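Okay, so the sequence shown: first residue is 9 according to the numbering used here, each after it adds one. Cβ coordinates follow ideal geometry from the N, Cα and C atoms, glycine included. As the structure is a computational prediction, the values presented were derived from the model and not from experiment.
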Amino acid sequence: MKKKFTLEIKSPCEEKISTMKPNANGFFCDSCAKSVIDLSRKTNSEVAKFLSETKDQNNICARLKTSQLEEEFEINTLSKISNFKYAAIAATVLLTTNAVGQEKQPAKTEINCPKPARLTGVVGQVAVNSTSKKTIPITVKGKLIDLKTNKPLDSKTYPNLVLTINGSQSSIKINPKTGEFSIPILVSEGSKSLMMSISSDDCYLSKMIPFNVKSVKKNVLLQDISIDTAELSKMHIAGGLGVNYIDIKKSNS
9 MKKKFTLEIK SPCEEKISTM KPNANGFFCD SCAKSVIDLS RKTNSEVAKF LSETKDQNNI
69 CARLKTSQLE EEFEINTLSK ISNFKYAAIA ATVLLTTNAV GQEKQPAKTE INCPKPARLT
129 GVVGQVAVNS TSKKTIPITV KGKLIDLKTN KPLDSKTYPN LVLTINGSQS SIKINPKTGE
189 FSIPILVSEG SKSLMMSISS DDCYLSKMIP FNVKSVKKNV LLQDISIDTA ELSKMHIAGG
249 LGVNYIDIKK SNS
């Protein structure tokens with residue numbers, strides 16, 4: 009069963025992210041003594057998963073991108089009864105398959121085979137072609153630059169700039185005076201681009217930047233990043249996040 013919903017801000021909050029302490033879920037607000045969940049960096053499916061696993065949806069304080077207020081989310085849900093039925097059916101099929109397999113198992117027979125011809129050359133391990141791509145640890149170093157001014161982003165307009173590349177485990181703060189950064193990441197062998205995300209107290213941007221593994225020297229990639237500040241999405245902090253479920257039957261009629 010599918011459920012669709014949209015998000016809204018029921019009670020906007022005036023507190024600033026810069027005054028909050030980062031935690032595992034986002035930030036902790038001392039004024040309200042509760043966590044502000046950072047949904048701004050989550051994909052639509054991650055937002056839907058988070059809300060499907062949250063019982064008290066009327067008591068969520070969250071950080072959102074403005075664009076998320078204009079999007080429609082979808083959750084695939086199954087009732088406990090349905091889950092039980094599917095599990096029972098799967099178990100029945102498994103038992104039946106095993107029983108049939110045992111009934112049809114042929115009797116063992118001895119077959120006389122000629123001795124294999126003598127092989128020449130070196131006998132070693134069998135080569136296995138692996139389809140998984142190798143990941144390479146590298147460090148990306150450079151500057152974050154305003155495309156129009158060719159200078160670091162103004163720290164007063166964009167305070168507390170943070171950079172993430174390829175979903176790196178740790179976000180790196182950008183030097184407000186020079187725009188410099190250094191961030192360790194993992195890249196897939198043969199990758200042609202990197203996913204870059206930057207955020208400040210009130211803005212956010214995620215985009216792909218070109219990548220060439222030949223540019224990596226001694227596991228270091230020197231890469232300046234120029235952005236058009238007009239691309240930055242505005243953030244909101246919701247004192248009370250509203251989840252509006254859509255009647256799929258009515259929307260399809």
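> For residue 43, is the beta carbon positioned less than 6 Å from some heavy atom of the ligand ZN?
Replying inline: As presented, the structure is devoid of all ligands, the ligand ZN included, so that no description of it is given.
>> Ignoring anything shorter than 3 residues, give me the beta strand (DSSP E) runs that lie fully in the region 164-251, in order along the chain.
In response: Entirely contained in the region 164-251, the beta strand (DSSP E) runs reaching 3 residues are, in chain order, 170-173, 188-196, 201-207, 211-218, 228-230, 233-235 and 241-246.
> Under the three-state reduction of DSSP, which class applies to residue 54: helix, strand or coil?
Replying inline: Three-state result, residue 54: helix.
> Looking at the structure shown, is residue 158 part of a helix, part of a strand, or coil, going by DSSP?
Replying inline: Looking at residue 158 - three-state DSSP - the assignment turns out to be coil, as it is neither helix nor strand.
> Any idea which residues DSSP pairs residue 37 with across the strands?
Replying inline: The partner list for residue 37 (beta bridge, DSSP) reads 42.
> What whole-angstrom Cβ distance do residue 166 and residue 11 have, given they're in contact under 8 Å?
Replying inline: Wrong, their Cβ atoms sit about 37 Å apart, outside the cutoff.
> How long is the line joining the alpha carbons of residue 164 and residue 9, rounded to whole angstroms?
Replying inline: In this structure, the alpha-carbon of residue 164 lies about 47 Å from that of residue 9.
>> For residue 40, count the other beta carbons within 10 Å of its own beta carbon; 16 or more makes it buried, fewer makes it exposed. Which is it?
In response: Exposed is the call here.
>> Tell me the rounded alpha-carbon separation between residue 7 and residue 249.
In response: Because the chain in this structure spans residues 9 to 261, residue 7 falls outside the shown range and cannot be described.
> What number of angstroms, rounded off, separates the C-alpha of residue 59 from the C-alpha of residue 71?
Replying inline: One C-alpha to the other measures close to 14 Å.
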